[in-house]
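Presented below is the structure to which this report refers.
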Amino acid sequence: MTAARIRPALSNDLARSIVDAALAAARETDLLFSVAVVDESGHLSAFARQDGSGLMTIQIAQDKAYTAAAFGLSTTDWHELAENDAQLSAGARTGIDRLVTFGGGLPIVVDGHLVGGIGVSGGHWSDDVKIAEAGLAAIPA
Numbered sequence: 071m072t073a074a075r076i077r078p079a080l081s082n083d084l085a086r087s088i089v090d091a092a093l094a095a096a097r098e099t100d101l102l103f104s105v106a107v108v109d110e111s112g113h114l115s116a117f118a119r120q121d122g123s124g125l126m127t128i129q130i131a132q133d134k135a136y137t138a139a140a141f142g143l144s145t146t147d148w149h150e151l152a153e154n155d156a157q158l159s160a161g162a163r164t165g166i167d168r169l170v171t172f173g174g175g176l177p178i179v180v181d182g183h184l185v186g187g188i189g190v191s192g193g194h195w196s197d198d199v200k201i202a203e204a205g206l207a208a209i210p211a
């Protein structure tokens, strides 16, 4: 029996690169965003809030990142799961702390390993997804 597990981890340098790439994409829009990156355990690793972005975007971005990292699913996928399952829809949204079920949270996968999540808040959920995807583009191939 093994006493400990070794898991791939997201470096802070990569987390900051992901946030920087997302912010670069955000500056190409007329919207203002908050961008959060959490590690594989859901702990905040990098964060930025554009000047003037809404106060609630701070918590929403962090919770989207947490949701994506915790389940390895995008928050958009969580929406689909909840919409198609009445029991899950009723219980998950109010019963699971920090669960966000609308777009803007994506898992961060490196070399096939889930190492964290990115969450973006500030626009319509579809805008948030685009900015999060731009952040993931910073992951080296």
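If you count by our numbering, then the sequence shown holds residues 71 to 211, one letter each, in order.
Each residue gets a CB set at the ideal place from its N, CA and C atoms; glycine is no exception.
query, result
"Whether T137 touches G192 by CB criterion (8 Å)", "no"
"Three-way DSSP call (helix, strand, coil) for A116 in this model", "strand"
"Buried/exposed call for S81, threshold 16 Cβ in 10 Å", "exposed"
"Contacting residues, own chain, Cβ-Cβ under 7 Å from F172 (five flanking each side not counted)", "T145, H149 and W195"
"Rounded straight-line distance, which links the Cα of A94 to that of H113", "23 Å"
"Between the CA atoms of V179 and A208 - distance to the nearest angstrom", "12 Å"
"Buried/exposed call for E153, threshold 16 Cβ in 10 Å", "exposed"
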